[in-house]
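**Q** I have a structure here, written as structure tokens, and I will follow up with some questions on it.
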Amino acid sequence: MLRRYIAQRCFGLPVEGIEDAIDDSGAIRRFVRIDLGRESAPDATTVLKFR
Numbered sequence: 188m189l190r191r192y193i194a195q196r197c198f199g200l201p202v203e204g205i206e207d208a209i210d211d212s213g214a215i216r217r218f219v220r221i222d223l224g225r226e227s228a229p230d231a232t233t234v235l236k237f238r
């Protein structure tokens, strides 16, 4: 979850935008260590709860 938050802050994405960025960008997906074949990108409420 920390990597997702860092990616969001580094790329200046809104909380709602990190899910789309993970779906669209292979580099961000590798950084946050998500395999879309096994799990889905976190939704906005998951990221907000972490903060």
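Counted the way my numbering counts, the sequence shown spans residues 188 to 238.
Glycine included, each C-beta is placed from N, C-alpha and C at the ideal position.
For residue 198, which residues from the same chain have a beta carbon less than 7 Å from its beta carbon, with the 5 sequence-adjacent residues on both sides left out?
**A** Counting only Cβ-Cβ distances below 7 Å, and skipping sequence neighbours, we find 208.
**Q** Which residues bound the alpha helix (DSSP H) around residue 189?
**A** Note, residue 189: alpha helix (DSSP H), 189-197.
**Q** Distance, Cα to Cα, residue 201 vs residue 211?
**A** Roughly 15 Å separates the two Cα atoms.
**Q** Report all residues from its chain with a CB closer than 7 Å to the CB of residue 215; omit the five preceding and five following residues, and keep chain order.
**A** Excluding sequence neighbours, residue 215 sits near 194, 208, 209.
**Q** For residue 222 and residue 203, what's the separation of their Cα atoms in angstroms?
**A** Cα to Cα, residue 222 sits roughly 19 Å from residue 203.
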